[in-house]
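Novice:
Protein chains: 2
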Amino acid sequence: MAVRKRIIVLGAGFAGLEFCKSIKAEDVEIIVIDRRNHHLFQPLLYQVATAALSGTDIAQPIRSILRHVPNLTVYLDEVIDIRLAEKKVLCKHHELTYDYLVIALGGKTAYFGHDKEWEPFAPGLKSLDDALNIRQHALTGFEEAENTNDKKLRDELMTIVVIGGGPTGVEMAGAFSELSRVSLPMDFTHIDPRETRIILIEAAPRILGHLPEDLSASALKQLKALHVDVRLNTMVKNIREGVVELEGEEIRAHTIVWSAGVAASPLTRKLGVAVDRAGRIEVQPDLSVPGYPEVFAAGDLVNLKQKSGALVPGVSPAAMQMGRHIAKVINAELPGHKLDNAAREAFHYHDKGTMATIGRSAAVAQIGSIKLHGRIAWLAWLLVHLLFLVGFRNKVSVLFQWAYNYIRYKRSSRIIFDDFSAKRRSE
Amino acid sequence: MAVRKRIIVLGAGFAGLEFCKSIKAEDVEIIVIDRRNHHLFQPLLYQVATAALSGTDIAQPIRSILRHVPNLTVYLDEVIDIRLAEKKVLCKHHELTYDYLVIALGGKTAYFGHDKEWEPFAPGLKSLDDALNIRQHALTGFEEAENTNDKKLRDELMTIVVIGGGPTGVEMAGAFSELSRVSLPMDFTHIDPRETRIILIEAAPRILGHLPEDLSASALKQLKALHVDVRLNTMVKNIREGVVELEGEEIRAHTIVWSAGVAASPLTRKLGVAVDRAGRIEVQPDLSVPGYPEVFAAGDLVNLKQKSGALVPGVSPAAMQMGRHIAKVINAELPGHKLDNAAREAFHYHDKGTMATIGRSAAVAQIGSIKLHGRIAWLAWLLVHLLFLVGFRNKVSVLFQWAYNYIRYKRSSRIIFDDFSAKRRSE
Chain A
5 MAVRKRIIVL GAGFAGLEFC KSIKAEDVEI IVIDRRNHHL FQPLLYQVAT
55 AALSGTDIAQ PIRSILRHVP NLTVYLDEVI DIRLAEKKVL CKHHELTYDY
105 LVIALGGKTA YFGHDKEWEP FAPGLKSLDD ALNIRQHALT GFEEAENTND
155 KKLRDELMTI VVIGGGPTGV EMAGAFSELS RVSLPMDFTH IDPRETRIIL
205 IEAAPRILGH LPEDLSASAL KQLKALHVDV RLNTMVKNIR EGVVELEGEE
255 IRAHTIVWSA GVAASPLTRK LGVAVDRAGR IEVQPDLSVP GYPEVFAAGD
305 LVNLKQKSGA LVPGVSPAAM QMGRHIAKVI NAELPGHKLD NAAREAFHYH
355 DKGTMATIGR SAAVAQIGSI KLHGRIAWLA WLLVHLLFLV GFRNKVSVLF
405 QWAYNYIRYK RSSRIIFDDF SAKRRSE
Chain B
5 MAVRKRIIVL GAGFAGLEFC KSIKAEDVEI IVIDRRNHHL FQPLLYQVAT
55 AALSGTDIAQ PIRSILRHVP NLTVYLDEVI DIRLAEKKVL CKHHELTYDY
105 LVIALGGKTA YFGHDKEWEP FAPGLKSLDD ALNIRQHALT GFEEAENTND
155 KKLRDELMTI VVIGGGPTGV EMAGAFSELS RVSLPMDFTH IDPRETRIIL
205 IEAAPRILGH LPEDLSASAL KQLKALHVDV RLNTMVKNIR EGVVELEGEE
255 IRAHTIVWSA GVAASPLTRK LGVAVDRAGR IEVQPDLSVP GYPEVFAAGD
305 LVNLKQKSGA LVPGVSPAAM QMGRHIAKVI NAELPGHKLD NAAREAFHYH
355 DKGTMATIGR SAAVAQIGSI KLHGRIAWLA WLLVHLLFLV GFRNKVSVLF
405 QWAYNYIRYK RSSRIIFDDF SAKRRSE
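Quick look at the structure:
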């Protein structure tokens, strides 16, 4: 019997997991490496940050998800280096060689070169820890506001700034508005949470720039109806602790969230292959890394032009399609194990539509040539995410909870885990 | 109109909340102070520590619970000092005077005078943070075991020691056994979680010393059936990082949990009134603090003898009954506001039964003269806690999740929040 080929998959995000589910695992050995023990349903991460869902509702242990894939091992480990020439991956605890490598490490929050200065004061939203930190911080702001009689300080504590008018920023701003205006008002004696200022800052002339202009305009209108103060054409000059500096204005805000930029995992720059400014690998049409037909990249760290000229977007459906595509390529050439880029099928992204939710009954969506906004777009968004979540978690109780929260406007996850002094964690 | 009397309630545990729900709030001003924003359903805390429930499942914002009590303010604040003679409470953010004071600050984990040396290596289980830390730590142990080839290290990583054979210790040991023997085995490649050693250490000759001997014996048998190694008559001499020292033996264990002692909140010792060795206030029969008829104590920090000679136990039903009793006393004398200990009713604890769960279908219970063990005791336990939880959370989805987990033996909360490097938190 021939020795099984070994496939190493770096990252158990949407791309990595779909790959593992689609590969003919009977014939190979698969090793999945991730530095977290859970896969995250990132599209709903903002709901954890705004206290609508609990962290465990949208996370699932990687081991559980991949439990039924044969010949598969999961290591909770951190990738230190990838040596393409040696076909070797170096981790903290393991040093492994591969026959095929799938790089699906995802992206990270980027601050236009200001990572170190701005990140401590304006966290991004990529991990469960990020979401819990933001939730903790925002909720503590209301508690501190209730504790003080200083009007100026109180206003500051009740100001939330979201930077970046992409889907995540829009969703966050809308969700914070509902948290403060609908869920919290009954709970406080001295403050009125409805007076919370929520400011969304976008450098471009419109929010949701990836959507057609009329949908951007609709989203803007829906955000304004939720009392979100949207600042278009507005550049952030600097961020300090509790302060966002704009041109000619300083906004003092207890909670500042950054969703204005993402970049590929920093490891891509160490590979010695061509990457774009955001560190994304400029892959071949088959998703392989130029010069290394046994190495593929998938998900948010890929730079690939579509026929239209636009890049394949960094969204979960694209990541999943890439994962499946790579599995198909490898499945096809495994019997002979002849690596031949030319013979491989090219990857094509099938755009099934784009949507962004703004709040309860507020959203925009584009499905093919159909444009939706308001309640109908929101119902479409809800349906897609509910179905996804059912498949993802196999956990009907999350639906019940969601439905219940929807009806009652409850925020079931409004728990501040820390001691108030917050010594032990950075939150 | 007369100025409303002000009642300050320190602590929003079972005693504090029941008091607030029972007081005639229309006629008074109530201020509740707690250093956490949530009330905790402590009887199920061990299920969070063992990854069966998520933290938010058993916690509820204090503000939400007390939302409908009029004239009530909640402060997230920490009590620094109580000056009984001045009728004043000093907190970090507030300095408040009172007409009535209810001290219901609960207890803390105690290590027989070794708090500082032992606590870092053998955390107790009192708060949500404690539970999440223990969960995180235990789960990380399995991940590290999967990552190593060192047999000795692996055995250490797969050893869990629970110190203290009271209800919490027994529940924890049983739940860790089920986690490792039923939920995890399918998930790992290199280790067999069924080989996890779980050791329960008890200094007395039997576990669950508060129950009759035959029920202790039954619990012991049920624990052994779950492969828990129970050491009776065993004193812990010392605890170091990853090591429990016994007489003539050292146990190396990645996870060590302490549930062998509790003491009252340390503030009680600063009051200048009589306290017992555990710091519990020796209250009058009406639960007032000797010499201060306007000050009451309730819950785990109370030392009160029953007719039988035994102390009222530190359990949630006792705490709730105390909270209600104090409200009744104050309600009765509010119109005239004549403080008269002699005229007040004495508190009597109604013991509705005691139960301890060991695992799925395994428990012991005593309800009046009826003794139950095994499946029937477990069903009784389940029923009581389900009903409680429904009332407590008003959240049917937790039931669904629990029922689903029960059927599928799932551990839905097996999420390690941190980066593996665990730099940012102490977990």
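So the sequence lines, in the order shown, correspond to chains A and B. Counting in the working numbering, the first sequence runs from 5 upward without gaps. Counting in the working numbering, the second sequence runs from 5 upward without gaps. C-beta atoms are modelled at their ideal positions from N, C-alpha and C, and glycine is treated no differently.
Buried or exposed: histidine 377 of chain A, going by 16 or more other Cβ atoms within 10 Å of its Cβ?
Specialist: buried
Novice: Quick one: residues in its chain with C-beta nearer than 7 Å to the C-beta of alanine 267 of chain B, no 5 flanking neighbours on either side, listed in chain order?
Specialist: Counting only Cβ-Cβ distances below 7 Å, and skipping sequence neighbours, we find Gly111, Lys112, Ala114, Ala282, Gly283.
Novice: Leucine 44 of chain B: buried (16+ other C-beta within 10 angstroms of its C-beta) or exposed?
Specialist: buried
Novice: Quick one: which residues of the segment 77-90 of chain B get their C-beta closer than 9 Å to a C-beta of chain A? List them in chain order.
Specialist: Thr77, Val78, Tyr79, Leu80, Asp81, Glu82
Novice: By the criterion of Cβ-Cβ separation under 7 Å, what are the contact partners of histidine 436 of chain B in chain A?
Specialist: In the structure displayed, chain B extends from 5 to 431; residue 436 of chain B sits before or after that span and is not available.
Novice: Which residues mark the beginning and the end of the alpha helix (DSSP H) in which phenylalanine 180 of chain A is found?
Specialist: 171-182
Novice: Run the CB neighbour count on arginine 348 of chain A, radius 10 Å, all protein chains shown included, and call it buried at 16 or more, exposed below.
Specialist: buried
Novice: Run down chain B in chain order and give the residues with a C-beta less than 8 Å from the C-beta of leucine 143 of chain A.
Specialist: Asn41
Novice: Relative to the alpha-carbon of arginine 418 of chain B, which residue among B:Gly145, B:Leu305, B:Ala367 has its alpha-carbon at the smallest distance?
Specialist: B:Gly145
Novice: Kindly give me the distance between the Cβ atoms of alanine 208 of chain A and glutamine 51 of chain A, rounded to whole angstroms, as I take these residues to be in contact under 8 Å.
Specialist: For alanine 208 of chain A against glutamine 51 of chain A, the beta-carbon gap comes to about 25 Å, at or over 8 Å, which does not count as contact.
Novice: To the nearest whole angstrom, what separates the beta carbons of leucine 129 of chain B and alanine 63 of chain B, a pair I think is in contact under 8 Å?
Specialist: Contact doesn't hold; Cβ gap of about 14 Å is too wide.
Novice: Taking 7 Å as the limit between beta carbons, can you name the residues of its chain near threonine 238 of chain B, skipping five residues before and five after?
Specialist: Ile205, Glu206, Ala207, Leu250
Novice: Could you check whether the segment 210-224 of chain B touches the segment 90-110 of chain B, counting it as contact only if at least three pairs of C-beta atoms, one from each stretch, sit closer than 8 Å?
Specialist: no
Novice: What do you reckon, are the CB atoms on glycine 265 of chain A and leucine 212 of chain A nearer than 8 Å?
Specialist: Cβ distance not < 8 Å, so glycine 265 of chain A and leucine 212 of chain A don't count as in contact.
Novice: Taking aspartate 196 of chain B as the reference, give the member of B:Gly252, B:Glu148, B:Ile167, B:Ala29 with the closest Cα.
Specialist: Residue B:Glu148 is the option with its Cα nearest to aspartate 196 of chain B.
Novice: Looking only at its chain, what residues have a beta carbon closer than 7 Å to the beta carbon of leucine 315 of chain A, apart from the 5 residues adjacent to it on each side?
Specialist: Asn307, Leu308, Lys309
Novice: Scan the segment 35-59 of chain A and note each continuous alpha helix (DSSP H) run of 4 residues or more that stays entirely inside, going in chain order.
Specialist: Complete alpha helix (DSSP H) runs here, min 4: 49-53.
Novice: Let's test the definition: count the other Cβ atoms within 10 Å of the Cβ of isoleucine 12 of chain A and tell me whether it reaches 16, buried, or not, exposed.
Specialist: Burial check for isoleucine 12 of chain A: the Cβ neighbour count within 10 Å reaches 16 or more, so the residue is buried.
Novice: With respect to the alpha helix (DSSP H) encompassing histidine 377 of chain B, which residues constitute its N-terminal and C-terminal limits?
Specialist: First-last for histidine 377 of chain B: 374-377, but that is the beta strand (DSSP E), not the alpha helix (DSSP H).
Novice: With respect to 7 Å, is the separation between the Cβ of aspartate 31 of chain A and the closest non-hydrogen atom of the ligand GDP below this value?
Specialist: The ligand GDP is absent from the structure shown, which contains no ligand whatsoever.
Novice: Touching or not, the segment 20-29 of chain A and the segment 14-34 of chain B, by the rule of three or more beta carbon pairs under 8 Å?
Specialist: no
Novice: How about glutamate 182 of chain B and alanine 360 of chain B: are their beta carbons less than 8 Å apart?
Specialist: no
Novice: Return the residues of the segment 51-77 of chain B that lie within a Cβ-Cβ distance of less than 7 Å from chain A, sorted by chain order.
Specialist: If the cut-off is 7 Å between Cβ atoms, the segment 51-77 of chain B has Ser58, Gly59, Thr60, Ala63, Pro65, Arg67, Ser68, Arg71, Thr77 near chain A.
Novice: Please decide whether aspartate 191 of chain A counts as near chain B, where near means a Cβ-Cβ distance under 8 Å.
Specialist: yes
Novice: Where do the ends of the alpha helix (DSSP H) carrying phenylalanine 146 of chain A lie?
Specialist: 132-151
Novice: Quick check: what's the CA-CA separation for asparagine 41 of chain B versus arginine 71 of chain B?
Specialist: 13 Å
Novice: Does the structure place the segment 77-91 of chain A close enough to the segment 135-142 of chain B that three or more beta carbon pairs sit under 8 Å?
Specialist: No: the two stretches stay apart, fewer than three of their Cβ pairs being nearer than 8 Å.
Novice: Closer than 7 Å by beta-carbon distance: list the chain A residues that pair up with arginine 1 of chain B, in chain order.
Specialist: Nothing about residue 1 of chain B can be read from this structure; chain B reaches only from 5 to 431.
Novice: Going by alpha carbons, who is nearest to aspartate 81 of chain A out of A:Tyr104, A:Val106, A:Asp38, A:Trp122?
Specialist: A:Asp38
Novice: Mark isoleucine 35 of chain A as exposed unless 16 or more other C-beta atoms lie within 10 angstroms of its C-beta, in which case mark it buried.
Specialist: Classification for isoleucine 35 of chain A: buried.
Novice: Would you grab the beta carbon distance between alanine 108 of chain A and glycine 327 of chain A for me? Rounded to a whole angstrom, and I think it's under 8 Å.
Specialist: Contact between alanine 108 of chain A and glycine 327 of chain A holds: their C-beta atoms lie close to 7 Å from each other, under 8 Å.
Novice: Distance cutoff 8 Å, beta carbons only. Does glutamate 147 of chain B sit that close to anything in chain A?
Specialist: yes
Novice: Taking just the CA atoms, how far does glycine 357 of chain B sit from cysteine 95 of chain B?
Specialist: 38 Å
Novice: For my contact list, glycine 303 of chain A and glycine 17 of chain A are in at a C-beta cut-off of 8 Å; report their separation, rounded to the angstrom.
Specialist: At roughly 6 Å, the Cβ-Cβ gap stays under 8 Å, so glycine 303 of chain A and glycine 17 of chain A are in contact.
Novice: Just list the residues that DSSP pairs phenylalanine 300 of chain B with in beta bridges.
Specialist: B:Val106, B:Ser292
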